[in-house]
C-alpha cells in the first residue's frame with residue numbers, strides 16, 4: 484500500500500478474528516517498530532509479544548478498559564524504564580507498528596494498563612520498568628456497530644498558523 | 484513510496500536546505516498527523532506551524548539542544564493540555580507526520596522544548612497548554628558527517644517473547 488494511504492486509512496479496531504498472526508507478518512510489524520527513532524537514540528523502549536491465551540486473559544485485568552483484549556490473538560506490551568518518561572518514544576514506535584500492520588491488512592488498537600502492580604508479575608517485568616501501553620493485533624473481525632468510526636477535527640481546528648489563535 | 488519502505492527508511496535529520504516547503508506538501512503532512520488516533524478519540528493535541536524566521540530563532544532558545552532549529556524552514560510545535568499527559572498521542576501524531584514527510588522526500592527531526600516559560604510567550608500559548616516537543620521540517624541538506632546514522636538494536640534484543648527475559 485502507498486505510505487500516505489496507509490497512514491490516513493489506519494483506524495483503531497477492537498474486533499479480531501481468533502486466527503493466529505503469520506510469524507513473518509508479525510516480524511515485519513516488529514521491524515517497523517524497531518526503526519522508530521528515540522530521544523538521543525537511547526533505545527530504552529522494549530516490546531513483549533504475548534500470544535499465550537492464559538497470559539492474554541491476565542493482561543485483560545491490568546487496565547480499567549482492557550476487558551476485551553483477550554480476544555486479540557496478539558498483545559504487544561510497550562515497556563520502558565520507570566524513570567525518564569518515554570511515552571513520546573513509545574507513541575512513535577506504536578504508530579510505526581500499527582501503520583505497518585494496517586499495510587498488511589492487520590487490525591490494531593492501543594490500550595492503557597493502569598495497574599502496573601498487576602502487570603509486572605504477569606510478564607515478569609523488573610520493578611524499574613513499566614508497561615503503560617499495549618497494542619492489540621490480529622486479523623480484523625466484523626465491524627462493531629456500537630463503535631462507529633471516530634471522526635477527526637477539521638484541519639484548520641487542529642492546526643494553528645505561526646501563533647496560537649483562540 | 485510503499486508504506487513499509489517509508490517506515491523503515493525514515494531517519495531523523497537535522498540538515499535542511501533553506502527553501503520553503505510547498506504548501507500542498509505541508510498540507511499533506513498535516514493531514515497525516517490529523518489521522519493519528521488519540522486516547523478515547525479525545526483529540527486534545529494541536530499543532531502550531533511556524534515558518535516566520537524571527538519566531539524560529541526564538542523557538543531555538545526554548546530547549547537545551549535546539550540551537551540549530553532555526554535552520555529548518557518549518558517548525559511544527561506539538562501542543563497539548565498541561566493536565567492529562569498526552570505524550571503518547573503526540574508521539575503517534577509525530578510519527579505519522581514524519582513518515583508522510585519522508586514519503587514526499589522531506590526531512591524531519593523531533594526536538595524537546597525544556598523551557599515552557601520561554602515557549603508560551605513566543606507562540607501565545609495559554610497557561611493550561613504546553614508544547615513539549617516539536618518537529619523540524621524541510622528539504623534535506625547535505626549529510627552531516629559528524630552525525631552518523633543511528634544504529635538500531637537487533638530485533639531479538641528489542642523484542643521479548645511471551646515474558647520478560649533477562
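Protein chains in written order, with our numbering: chain E, 484 to 649; chain L, 484 to 649. Every residue, glycine too, gets a C-beta built ideally from N, C-alpha and C. Treat the numbers as computed from the prediction; the structure is a model and nothing was measured.
>> When you compare the CB positions of residue 586/E and residue 487/L, do they come within less than 8 Å of one another, or not?
In response: Their beta carbons are under 8 Å apart, which means residue 586/E touches residue 487/L by this criterion.
> Which term fits residue 643/E, buried or exposed, when burial requires 16 or more other beta carbons within 10 angstroms of its beta carbon?
Replying inline: With at least 16 other beta carbons inside 10 angstroms of its own, residue 643/E counts as buried.
> Would the beta-carbon of residue 564/E fall within 8 Å of that of residue 611/E?
Replying inline: Taking the C-beta atoms as reference points, residue 611/E is found nearer than 8 Å to residue 564/E.
> Which whole-angstrom value describes the C-beta separation of residue 499/E and residue 555/E, a residue pair presumed to lie in contact below a C-beta threshold of 8 Å?
Replying inline: Distance from residue 499/E to residue 555/E at the Cβ level is roughly 5 Å; contact confirmed, criterion being Cβ atoms closer than 8 Å.
> Measuring CB to CB, does residue 617/L end up less than 8 Å from residue 561/L?
Replying inline: A Cβ-Cβ contact shorter than 8 Å links residue 617/L with residue 561/L.
> Per DSSP, what kind of secondary structure is residue 633/L in: helix, strand or coil?
Replying inline: Residue 633/L sits in coil when the DSSP states are folded into three classes, being neither helix nor strand.
> Mind checking whether residue 489/L and residue 582/L have CB atoms under 8 Å apart?
Replying inline: Taking 8 Å as the cut-off, the Cβ atoms of residue 489/L and residue 582/L count as close.
>> Since residue 606/E and residue 516/E should fall inside the 8 Å C-beta cutoff, what is the C-beta to C-beta distance between them, to a whole number of angstroms?
In response: Going by Cβ atoms, the distance from residue 606/E to residue 516/E rounds to 17 Å, so no, they are not a contact pair.
> In this structure, does DSSP put residue 504/E in helix, strand or coil?
Replying inline: If DSSP states are grouped into helix, strand and coil, residue 504/E belongs with coil.
> Along chain L, which residues have their Cβ under 9 Å away from the Cβ of residue 522/E?
Replying inline: Below the 9 Å Cβ cutoff, chain L contributes 593, 595 as neighbours of residue 522/E, in chain order.
>> Taking the alpha carbon of residue 545/E as the reference point, which residue from 603/E, 598/E, 640/E, 609/E has its own alpha carbon closest?
In response: Answer by Cα proximity: 598/E.
> Just how far apart, CA to CA, sit residue 532/L and residue 591/L?
Replying inline: Approximately 14 Å between the Cα atoms of the pair.
> Quick one: is residue 538/E near chain L, going by C-beta distance under 8 Å?
Replying inline: Under the 8 Å criterion on CB atoms, residue 538/E is classed as interfacial with respect to chain L.
> Quick one: is residue 541/E near chain L, going by C-beta distance under 8 Å?
Replying inline: With 8 Å as the cut-off, residue 541/E does not count as an interface residue toward chain L.
> By Cβ distance below 8 Å, which residues in the same chain neighbour residue 615/L in space, the five residues on each side in sequence not counted?
Replying inline: Excluding residues within five positions, the ones whose Cβ falls inside 8 Å are 561, 563, 570, 573, 595, 596, 599.
>> Please report whether the beta-carbon of residue 645/L lies at a distance below 8 Å from any beta-carbon of chain E.
In response: Interface residue, yes.
> Can you find a C-beta in chain E that's less than 8 Å from the C-beta of residue 497/L?
Replying inline: Output row for residue 497/L: interface = no.
> Based on the DSSP secondary-structure assignment, which residues constitute the bridge partners of residue 591/E?
Replying inline: 620/E, per the DSSP bridge assignment.
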